[in-house]
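Asker:
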Amino acid sequence: QKEVEQNSGPLSVPEGAIASLNCTYSDRGSQSFFWYRQYSGKSPELIMFIYSNGDKEDGRFTAQLNKASQYVSLLIRDSQPSDSATYLCAATKHRGAGKSTFGDGTTLTVKP
Amino acid sequence: DAGVIQSPRHEVTEMGQEVTLRCKPISGHDYLFWYRQTMMRGLELLIYFNNNVPIDDSGMPEDRFSAKMPNASFSTLKIQPSEPRDSAVYFCASSQIGRQETQYFGPGTRLLVL
Numbered sequence: 128q129k130e131v132e133q134n135s136g137p138l139s140v141p142e143g144a145i146a147s148l149n150c151t152y153s154d155r156g157s158q159s160f161f162w163y164r165q166y167s168g169k170s171p172e173l174i175m176f177i178y179s180n181g182d183k184e185d186g187r188f189t190a191q192l193n194k195a196s197q198y199v200s201l202l203i204r205d206s207q208p209s210d211s212a213t214y215l216c217a218a219t220k221h222r223g224a225g226k227s228t229f230g231d232g233t234t235l236t237v238k239p
Numbered sequence: 021d022a023g024v025i026q027s028p029r030h031e032v033t034e035m036g037q038e039v040t041l042r043c044k045p046i047s048g049h050d051y052l053f054w055y056r057q058t059m060m061r062g063l064e065l066l067i068y069f070n071n072n073v074p075i076d077d078s079g080m081p082e083d084r085f086s087a088k089m090p091n092a093s094f095s096t097l098k099i100q101p102s103e104p105r106d107s108a109v110y111f112c113a114s115s116q117i118g119r120q121e122t123q124y125f126g127p128g129t130r131l132l133v134l
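Chains A and B, in that order, give the protein sequences.
Take the first sequence: its position 84, counting from 1, is numbered 211 in this note's numbering, and each next residue is one higher.
Take the second sequence: its position 45, counting from 1, is numbered 65 in this note's numbering, and each next residue is one higher.
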């Protein structure tokens, strides 16, 4: 079992819909969780990070963390074609900097 | 700021040759990270530095890999000797103390070992 698992996808949603990306982690000692967006052929870009159980919102993005279920999700509201990318989930055992373990990513396509 | 700078952007070499990848972090950033990304293994952290000191190198695959950070504005990742399985995209990223979570990635170096 990988330490961080994501639905491989691909996930396809129509423009304007809500895209839901899911991630589970196996190490209960994980403290910090990250969502990165990576366009094809480009470098990862941090979208959000979350430490505490519950929801964290930033614009059209909402990260959700449930430590009891070892589950992290990213919701993208009003999806746009420009959101089409691979989304990487990562977990770190420490707050702040540290060794992150990444999932394999979920590829999202938003169709106009 | 110019962002994280990596060189070369592309490298093609033959098995057994030494490869040196270079990174210039964002000025003022205290942390520097080296990652490798392949289709098979995904994105992996190889090593990271804080204030030029290596903190965790547990991701370095084997002795053929070494990384240095002689000063705050420069780091190298060296592979000697290189092997075809080292073919990957190598990313450098940096972040600043107090905002360590936000890592800024460089454009990456695409390495092909023949």
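C-beta atoms are modelled at their ideal positions from N, C-alpha and C, and glycine is treated no differently.
I'd like to know whether the C-beta of Asp106(B) is nearer than 9 Å to at least one C-beta of chain A.
Answerer: The count along the second sequence starts at 1 and reaches residue 106(B) at position 86. So no, Asp106(B) is outside the interface.
Asker: Can you look up Asp185(A) in the DSSP assignment and give me helix, strand or coil?
Answerer: Start at 1 with the first residue of the first sequence, and residue 185(A) comes out as number 58. Strand at Asp185(A).
Asker: Residues of chain B with a CB under 8 Å from the CB of Lys226(A): which are they?
Answerer: What you label residue 226(A) is simply residue 99 of the first sequence in a count that begins at 1. Result: Leu65, Tyr68, Asp76, Ser78, Gly79.
Asker: Please confirm if Ser170(A) has its CB atom under 9 Å from at least one CB of chain B.
Answerer: In the first sequence, the residue the question calls residue 170(A) occupies position 43. Yes, Ser170(A) counts as interfacial toward chain B.
Asker: Less than 6 Å between C-beta atoms, sequence neighbours within five positions excluded: which residues of the same chain meet that for Gly128(B)?
Answerer: One-based indexing of the second sequence puts residue 128(B) at position 108. Once the five neighbours on either side are set aside, the close Cβ partners of Gly128(B) are Val109, Phe111.
Asker: My output table needs one value for Arg105(B): the three-state DSSP class, helix, strand or coil.
Answerer: On the second sequence, residue 105(B) is found 85 positions in, with the first residue counted as 1. Looking at Arg105(B) - three-state DSSP - the assignment turns out to be helix.
Asker: Phe176(A) touches chain D at which residues, Cβ-Cβ below 9 Å?
Answerer: The structure shown has no chain D; the protein chains it does contain are A and B.
Asker: Could you give the C-beta distance for Leu41(B) and Leu132(B), rounded to a whole number, given that I count them as a contact under 8 Å?
Answerer: Here residue 41(B) corresponds to residue number 21 of the second sequence, with the count starting at 1. Here residue 132(B) corresponds to residue number 112 of the second sequence, with the count starting at 1. Not really, about 13 Å apart at Cβ, beyond 8 Å.
Asker: Could you work out which residues of chain A lie near Phe125(B), taking near to mean beta carbons separated by less than 8 Å?
Answerer: As a first step, residue 125(B) must be located in the second sequence, where it is residue number 105. What Phe125(B) touches in chain A: Ser170, Pro171, Glu172.
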